[in-house]
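Mapping of the sequence shown onto the working numbering: position 135 corresponds to residue 135, and the numbering continues sequentially without gaps.
By construction, the Cβ of each residue, glycine as well, lies at the ideal position given by its N, Cα and C atoms.
Written out below as structure tokens is the structure these notes cover.
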Amino acid sequence: MRTRNIAVLMGGVSSEREISLRSGNAVAKALKDAGNNVICIDVKDENIKELDHKGIDVAFIALHGYFGEDGGVQQLLEVKGIPYTGSGVDASRIAMDKVESKRCFLDAGLRTPEYFSLKKPVNLADIEQEIQEFGLPVVIKPTNGGSSIGVSIIKDGSNFHHHVGEALKCGDEAFVERYVSGRELTIGILDNRALPIIEICVSDDFFDYNAKYNSGKTRYFVINKTFENKTNILNTPPCAVGFLDAALYDKAQELAIEAHNAIGCRGFSRVDMLLDNKNDFYILEVNTIPGFTEKSLLPMAARAADISFTALCEKIVDLASQKSFVSIDGSIKN
């Protein structure tokens, strides 16, 4: 079997550039260690001329944000006839748009927090009144974006204008989502199978960019099933137990696969959800290109399933090499 030529696309021009470089370099090292010929490409424009005349067998997309997760680079690679990792053009575009994702979840019968949309230009007085009528607390998020950049929790209306401004710095649209208190869970999907569940526990209000990458205040627990009757499990502090009732555990994994498929994803993804104190699950979003850094959650879930980081990267490349997949509109793409 000949050595594969794999281009790892990383960097980019989005606000997540530094995280993308970390992800890309980690992936490149793993694929090199597995014996592949790896070409690292720091994407600085939308042409990616380095892909031409290189004999690329597969492109591993480690680009986060604009042009990486929104279907842009996927479209370019399809035009060039280069197989690539992860979801196709349509699913990437939908997953990047959190409001459109919510519509897909609702159409599939999945529960997601109530919301309403904002679009520039905004009348702050009208939005403030709408939020008060909607009911506090709420979360305000950019419609497009990742790594929780521009995300804020509004508990009492203070600094309201600042929070709206931060969300709209990331683009022309944002949305206000009802705050759901509960356990924050994330579930990796690999080849349409759910990986072990990870619970995220932060000492701050929520899992923002600083908590994800810089603060050291975040704890992660690989959740174990329990068949015991732990009636008070949801009344304990978040992450204090590291267990989830077996029926709820299985339900969470089933819902994660349903959310993955509702968007039309392929290969792999990571699904974020909340479990409230009534045992109801709320789908938050599907990440089509989750992080591959040393702190990233998909590799952590894979390790819990006895899949090494190198084996995970190799599996993702293998899935990309398959000849066809079904797009979200039901058509076959080669």
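Item: Straight-line Cα distance separating Leu274 from Ala108; Value: 17 Å
Item: For Asn68: DSSP bridge partner residues; Value: Here the sequence assigns Gly to residue 68, which means Asn is not the residue at that position. In DSSP, Gly68 forms no bridge with anything.
Item: Counterpart residues of Lys141 in DSSP-defined beta bridges; Value: Phe175
Item: Cβ distance (whole Å) where Val222 is taken to contact Ile200 below 8 Å; Value: The pair is not a contact, with the Cβ atoms about 11 Å apart (cut-off 8 Å).
Item: Nonlocal neighbours in the same chain, by C-beta distance under 8 Å from Glu163, ignoring five residues either side; Value: The sequence shown places His at residue 163, not Glu. Taken in chain order, the residues that qualify are Ile140, Ser152, Ile154.
Item: Beta-carbon proximity check, Val38 vs Gly11, cutoff 7 Å; Value: no
Item: Close beta carbons around Arg335, own chain, < 6 Å, minus the five adjacent residues each side; Value: A query on residue 335 cannot be resolved here, the shown segment of the chain reaching from 1 to 334 and no further.
Item: Bounding residues of the beta strand (DSSP E) (the contiguous stretch that carries Lys315); Value: Here Lys315 belongs to no beta strand (DSSP E); instead the alpha helix (DSSP H) covers 309-320.
Item: Unbroken beta strand (DSSP E) run spanning Tyr220, endpoints; Value: 218-222
Item: Nonlocal neighbours in the same chain, by C-beta distance under 6 Å from Pro113, ignoring five residues either side; Value: Glu177, Arg178, Val180, Tyr282
Item: Reduced DSSP secondary structure (H/G/I, E/B, other) of Ile189; Value: strand
Item: Classification of Asp52 by the beta-carbon crowding that lies within 10 angstroms, buried from 16 upward; Value: exposed
Item: Inside the region 236-303 only - beta strand (DSSP E) runs reaching at least 3 residues; Value: 243-245, 268-275, 281-287
Item: Inter-stretch contact (C-beta, 8 Å, three-pair minimum) for the region 2-21 and the region 56-70; Value: yes
Item: Validate contact between the region 74-81 and the region 24-33 using beta carbons, cut 8 Å, 3 pairs; Value: no
Item: Proximity of Thr288 and Ser15 at Cβ, strictly below 7 Å; Value: no
Item: Own chain partners of Glu258 with C-beta closer than 7 Å, once the 5 adjacent residues on each side are dropped; Value: Ala108, Leu110
Item: Chain E contact for Glu184 (CB, 7 Å cutoff); Value: Among the chains in the structure shown there is no chain E, since it carries only a single protein chain.
Item: Close Cβ partners of Leu234 (< 6 Å) along its chain, the five nearest in sequence each way excluded; Value: Because the pLDDT at Leu234 is just 38, under 50, the model does not fix this residue reliably, and the point stays unresolved.
Item: Same chain, Cβ closer than 7 Å to Cys313, neighbours up to 5 away in sequence not counted; Value: Val27, Ala30, Leu31
Item: Thr186 classed as buried or exposed, judged by whether at least 16 other C-beta atoms fall within 10 angstroms; Value: buried
Item: Within 7 Å, strictly: CB atoms of Gly264 and Asp90; Value: yes
Item: Cα-Cα separation, Phe243 to Glu173; Value: 38 Å
Item: Same chain, Cβ closer than 6 Å to Met96, five either side skipped, listed in chain order; Value: Glu69, Asp70, Asn144
Item: Buried/exposed call for Thr85, threshold 16 Cβ in 10 Å; Value: buried
Item: Coarse secondary structure for Cys201, derived from DSSP in three states; Value: strand
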